[in-house]
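Structure, as structure tokens:
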Amino acid sequence: MMANQSAAAFRALLDVLRDAEQTFAMGPRAVADEVGVTEGYRHLTHLLGYALDLYLEADPERPEFVPLASPTQKILGDNVDSLYHFAPLRGDRGYRIRGVRGNGVYLAFCVYGGKPDGEWSERVVANVSQRELSFAPGGEFELVLSSVSGGDGDWIRLEPDAVCVIAREYFAERGAAPSRFRIEALDPAPPPAPLDDAALARRLRAVATFVRETIAVVPLPALPPNVIGPPMPWSPYAPGWGTPDNIYALGAFQLAPDEALVIEGRSPRCTYWGVQLWNRYMQSLEYRHRRVSINGAQAVLEPGGSFRIVVAHRDPGVPNRLDPAGHAEGLVFCRWLQAEEMPEQPTSRVVPVDSLRRQPT
Numbered sequence: 058m059m060a061n062q063s064a065a066a067f068r069a070l071l072d073v074l075r076d077a078e079q080t081f082a083m084g085p086r087a088v089a090d091e092v093g094v095t096e097g098y099r100h101l102t103h104l105l106g107y108a109l110d111l112y113l114e115a116d117p118e119r120p121e122f123v124p125l126a127s128p129t130q131k132i133l134g135d136n137v138d139s140l141y142h143f144a145p146l147r148g149d150r151g152y153r154i155r156g157v158r159g160n161g162v163y164l165a166f167c168v169y170g171g172k173p174d175g176e177w178s179e180r181v182v183a184n185v186s187q188r189e190l191s192f193a194p195g196g197e198f199e200l201v202l203s204s205v206s207g208g209d210g211d212w213i214r215l216e217p218d219a220v221c222v223i224a225r226e227y228f229a230e231r232g233a234a235p236s237r238f239r240i241e242a243l244d245p246a247p248p249p250a251p252l253d254d255a256a257l258a259r260r261l262r263a264v265a266t267f268v269r270e271t272i273a274v275v276p277l278p279a280l281p282p283n284v285i286g287p288p289m290p291w292s293p294y295a296p297g298w299g300t301p302d303n304i305y306a307l308g309a310f311q312l313a314p315d316e317a318l319v320i321e322g323r324s325p326r327c328t329y330w331g332v333q334l335w336n337r338y339m340q341s342l343e344y345r346h347r348r349v350s351i352n353g354a355q356a357v358l359e360p361g362g363s364f365r366i367v368v369a370h371r372d373p374g375v376p377n378r379l380d381p382a383g384h385a386e387g388l389v390f391c392r393w394l395q396a397e398e399m400p401e402q403p404t405s406r407v408v409p410v411d412s413l414r415r416q417p418t
């Protein structure tokens, strides 16, 4: 057999996948119910699909933006109100992103540094949002990514360890027109030759590494139920694909059919804030047919400007109710984007769902 390296790398990937179920079916991060176990196997198929797109088929010599989340395939903490796109980079190459802005409230391009071997990124090289980008009257924009500035236009300095760029776009309302953009190398590479054994093996090893590093984190450990943790600013030392523009708060819900979780708080001025429900694998719940998230533009606020969000299996007829979509337990994730100050920690309490029903007037 001639393809010795790629054959070994392929078998190593199969080994990672064969053992991956141990992370959620047993041990300290095991999920307790049938729904959680089923979603664990489904998450592995999503993770493998994205790993193949990002590390087997991606080409930093001829990059293209690849979607990072869809209504049916999700990894690493998708936001219902966001679109994400990934493109591979090399720190010694130059690139240009051209596009036309859509109707999102936020658009940013974040460059990450690390190792080009499937490991989670180690740091943010640079982040440029709609606040720094220059837009023509028709919404057109251009952003150069290179180690040396090419002029007076918008520019991100690439460092030697730059490995990828992720585009993020947030929307106040689903269905708003997204931005259109593409990436190209400043010095186009010639058409690619067929992959050789060593190159395919290297890519397969990167796929296996990405899967291995991700399942080392998800499913997240069980958290104290029905408590929202304190807001956490983005950390430059945290690996992964977080954005410096966000502040996060994480909690968990565990509700019987007749219980409701009431979450209350106040948001500072910001570009966007939202609360949504995840499973333990950091995947948004089914949002095509159920309301599992709400943002600041959609929420009905209290007279003093605070918010009150209710998580309940049955609709008590109050505003801002989120549907756990058949999950007895899961995660609650809050985001504040480009906030002017640190948000206060939301409070939470469990009450009988019928106690929230509006009384007839």
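For the sequence shown, my numbering gives the first residue as 58, with consecutive numbering after it. Idealized CB from N, CA, C, for every residue including glycine. Since the structure is predicted, the reported quantities are computational estimates derived from the model, not experimental observations.
For L413, the closest of E78, Y344, V367 by C-alpha to C-alpha distance is V367. Annotation: S236 to G196 spans about 9 Å, alpha carbon to alpha carbon. Linking V332 to A183 through their CA atoms gives a straight-line distance of about 27 Å.
Taking a 10 Å sphere around the C-beta of Y294, we find fewer than 16 other C-beta atoms and assign the residue as exposed. Of the residues S191, D174, I272, the one whose Cα lies closest to the Cα of A165 is S191. Sorting K131, A126, D110, A65 by C-alpha distance to the C-alpha of N336 places K131 at the top. Assignment of A234 by DSSP, reduced to helix, strand and coil, places it in the coil class. Check the Cα spacing between A126 and each of P325, D116, S139, L280: the tightest is with S139. By the CB criterion at 8 Å, L312 and A382 fall outside the cutoff. When beta bridges are read from the DSSP output, R262 appears opposite no residue.
Residue range 139 to 145 is occupied by the beta strand (DSSP E) that includes A144, with no alpha helix (DSSP H) assigned at that position. Counting every other CB atom within 10 Å of its CB across the protein chains shown gives Y227 a total of 16 or more, marking it as buried. V157 is the residue among Y141, V157, G93, D372 whose C-alpha sits nearest the C-alpha of P194. In this structure, V222 places its C-beta atom within 8 Å of the C-beta atom of A144. Contact between the segment 206 to 225 and the segment 246 to 264 is not established, with fewer than three Cβ pairs separated by less than 8 Å. Per DSSP, N61 lies in no beta strand (DSSP E) segment; the continuous alpha helix (DSSP H) that holds it begins and ends at 61 to 76.
The C-alpha of A64 is placed about 38 Å away from the C-alpha of A279. Rounded to whole angstroms, the separation of the alpha carbons of E321 and A306 is 13 Å. According to the DSSP assignment, A369 belongs to the beta strand (DSSP E) that extends over 364 to 369. Burial state of L252 is exposed, judged by a 10 Å Cβ sphere holding fewer than 16 other Cβ atoms. DSSP, read as helix, strand or coil, puts F267 in helix.
Straight through space, the alpha carbons of P301 and Q340 are spaced by roughly 21 Å. When only Cα atoms are considered, Y112 and P373 end up about 46 Å apart.
Between the alpha carbons of E398 and M289 lies a gap of roughly 12 Å. P403 and N61 have their alpha carbons spaced roughly 55 Å apart.
Excluding its 5 nearest sequence neighbours in each direction, P117 has C-beta neighbours in its own chain below 6 Å: P145, L146, R147, listed in chain order. Secondary structure of D211 (DSSP, three-state): strand. Straight-line spacing of the CA atoms in Y163 and L200 works out to 16 Å.
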